[in-house]
Ligand SMILES: Cc1cc2nc3c(=O)[nH]c(=O)nc-3n(C[C@H](O)[C@H](O)[C@H](O)COP(=O)(O)OP(=O)(O)OC[C@H]3O[C@@H](n4cnc5c(N)ncnc54)[C@H](O)[C@@H]3O)c2cc1C
Ligand code: FES
Ligand code: FES
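Next comes the structure, spelled out in structure tokens:
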């Protein structure tokens with residue numbers, strides 16, 4: 041067991057032993073650590089909650105004999121989460137004092153910066169894109185830059201810079217140095233890390249068995265994975281999290297299985313790693329993840345974390361209910377399965393016992409006659425909290441009658457909830473516009489939404505009804521196509 045963390049910064053292994061450091065704690069964010077170093081002040085703090093991208097850095101980690109580069113919001117990453125990784129900041133990009141990295145040069149050439157506050161963040165997102173895509177499409181560029189806000193330059197020259205730079209198969213000075221960095225990273229021990237300071241205990245187990253033992257011993261400890269929700273308790277609410285069990289170092293939870301008509305996503309898989317597996321068979325969940333936060337968020341956030349929040353606006357929850365997904369909970373006492381709909385028991389409350397961890401999510405593959413869709417309504421398309429989210433599943437029989445229907449809504453009640461009255465009304469009825477319009481009125485029986493900054497109660501009621509009509513409209517085309 042180790043008590044210090046190690047990572048690569050400036051091409052050298054850097055270690056932090058929190059016991060000897062008065063300034064750094066295990067919940068110090070990577071942003072605040074970097075800002076404390078004289079040579080790494082390029083990274084900026086805008087919002088401290090993952091929304092603006094000014095703090096973007098890139099983390100590289102070995103995948104086989106290559107490094108994988110990912111942009112993250114350093115303002116919501118706790119220091120122990122970069123153990124065993126290379127931390128790359130804007131200062132590391134230029135080769136020497138006179139040669140800029142291609143993404144930096146392109147930003148100069150297209151006049152992509154005015155006040156410059158956002159620029160280091162944009163550069164780092166672009167650098168991650170540069171390392172991962174050659175000749176990216178406009179949609180890929182937009183997606184890579186979704187997590188970065190610029191209030192003065194305007195996005196046209198920035199997008200132009202990304203297109204101009206990303207043309208060389210990711211070749212740069214980092215490519216030349218890759219085997220050296222991999223050697224350094226592989227020399228860092230992956231043993232569990234336990235950090236104990238005067239005020240905090242931060243446990244970073246490397247195996248599930250150990251994590252389950254810790255959770256049994258310390259049922260009140262905070263569990264975290266990507267910390268995209270948890271870290272905000274520190275950065276925005278200024279809470280002292282006295283005891284954390286951080287599961288991000290457990291490789292055995294980072295897997296995806298496809299067998300016997302179901303898929304299983306390990307709890308440790310980031311949403312970015314999960315998405316490619318979903319594109320073909322789980323298009324409604326994939327579509328929801330496409331508008332989930334930004335790349336910086338998806339690179340750390342997990343499905344288990346989204347379930348763990350039990351948030352009434354957790355975007356994956358309605359669509360997971362529509363798919364009939366099942367949460368796997370494990371403890372030292374054993375393992376149990378629970379459907380997502382039953383897992384959520386109230387406002388930010390779940391059926392998880394205090395010694396249990398979510399270890400995977402099982403999603404049945406839809407059969408050909410099941411039509412599943414997801415919808416998210418928010419004030420802007422990207423990087424926004426839902427006003428309403430939904431996951432719908434429909435089975436219509438050969439006579440055009442509703443054989444079964446699931447209508448799960450987020451943002452309409454204190455928890456994700458199915459529209460039971462609407463479902464009951466529609467069951468066994470003809471699936472046509474008249475019936476659907478009649479069914480829409482039952483939303484008022486199912487939900488009594490509140491007004492908040494994201495939308496008024498009446499707006500929510502109307503939008504929830506209209507989502508059902510929108511579903512009918514989308515699905516109608518599909519049913520007609522099936523019959524042709
Ligand atoms: C800028 C920004 C944008 C966001 N955009 C969206 C969005 O579009 N849609 C959306 O739904 N959410 C969004 N979120 C919220 C957050 O990213 C998600 O809820 C995410 O899925 C959390 O995953 P995580 O791994 O980071 O969880 P963490 O923050 O690590 O944990 C979240 C909760 O889950 C629990 N938990 C985590 N893993 C486990 C486990 N294995 N077993 C038991 N409990 C566990 C934790 O104890 C905690 O209560 C956003 C957050 C930010 C900061
Ligand atoms: S400071 Fe805004 S995303 Fe980190
Ligand atoms: S250049 Fe000023 S915020 Fe982007």
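Numbering (the working numbering), first residue to last: 41 to 524. C-beta: ideal position from N, C-alpha, C; glycine also.
Nearest-angstrom Cα separation, counted from residue j out to residue i
i	j	result
residue 274	residue 173	34 Å
residue 94	residue 104	31 Å
residue 448	residue 303	21 Å
residue 521	residue 407	At residue 521, the pLDDT of 49 sits below 50, so the modelled position is not reliable; the number obtained from the coordinates is stated separately. Using only the alpha carbons, I get a separation of about 17 Å.
residue 141	residue 479	58 Å
residue 238	residue 68	14 Å
residue 227	residue 53	9 Å
residue 446	residue 386	19 Å
residue 361	residue 76	45 Å
residue 438	residue 444	13 Å
residue 260	residue 146	50 Å
residue 299	residue 305	12 Å
residue 343	residue 358	13 Å
residue 464	residue 486	11 Å
residue 377	residue 390	13 Å
residue 86	residue 401	34 Å
residue 379	residue 155	50 Å
residue 516	residue 504	18 Å
residue 162	residue 241	35 Å
residue 456	residue 334	22 Å
residue 59	residue 269	26 Å
residue 272	residue 265	13 Å
residue 276	residue 512	41 Å
Any non-hydrogen atom of ligand 1 closer than 7 Å to residue i Cβ
i	result
residue 344	yes
residue 349	yes
residue 260	no
residue 392	yes
residue 38	Absent from the structure is residue 38, since the part of the chain shown begins at 41 and ends at 524.
residue 340	yes
residue 386	no
residue 315	no
residue 296	no
residue 283	no
residue 263	yes
residue 452	no
residue 356	yes
residue 268	yes
residue 324	no
residue 307	yes
beta-carbon residue i near ligand 3 non-hydrogen atom, thresh 7 Å
i	result
residue 165	no
Per-residue burial, residue i [other beta carbons within 10 Å of its own, 16 or more giving buried]
i	result
residue 297	exposed
residue 135	exposed
residue 192	exposed
residue 179	exposed
residue 524	Because residue 524 carries a pLDDT of 49, less than 50, the predicted location of this residue cannot be relied on, and the following value inherits that uncertainty. Exposed.
residue 491	exposed
residue 280	exposed
residue 78	exposed
Cutoff 7 Å; reference residue i; Cβ partners in own chain excluding five residues on either side
i	result
residue 56	44, 45, 64, 119
residue 212	141, 142
residue 353	425, 426, 429, 450, 451
residue 518	411
residue 332	311, 338, 355
residue 293	248, 287, 306, 307, 308, 399
Close beta carbons around residue i, own chain, < 6 Å, minus the five adjacent residues each side
i	result
residue 364	404
residue 121	288
residue 388	350
residue 396	369, 371
residue 51	none
residue 197	150, 151, 152
residue 166	143, 202
residue 285	243, 254, 261, 263
residue 507	415, 430
residue 159	153
residue 318	325, 326
residue 109	98, 100, 168, 171
Cut-off 8 Å between Cβ atoms - residues of its own chain near residue i, not counting five sequence neighbours on either side
i	result
residue 176	169, 184, 202, 203, 206
residue 114	69, 70, 71, 74, 83, 95, 96, 97
residue 435	409, 410, 411, 442, 443, 444, 445
residue 336	90, 93, 96, 111, 112, 113, 165, 187
Proximity test, residue i beta-carbon vs ligand 4 heavy atom, cut-off 7 Å
i	result
residue 118	Among the ligands modelled here, namely ligand 1, ligand 2 and ligand 3, ligand 4 does not occur.
Q) Got a list of residues with beta-carbon closer than 7 Å to any non-hydrogen atom of ligand 3, in chain order? A) Any residue whose Cβ sits closer than 7 Å to a heavy atom of ligand 3 makes the list: 153, 154, 155, 156, 157, 158, 159, 190, 191, 192, 193.
(Q) Give the residues whose C-beta lies closer than 6 Å to at least one heavy atom of ligand 2, in chain order. (A) Answer in sequence order: 85, 86, 87, 88, 90, 91, 92, 93, 94, 95, 113, 115.
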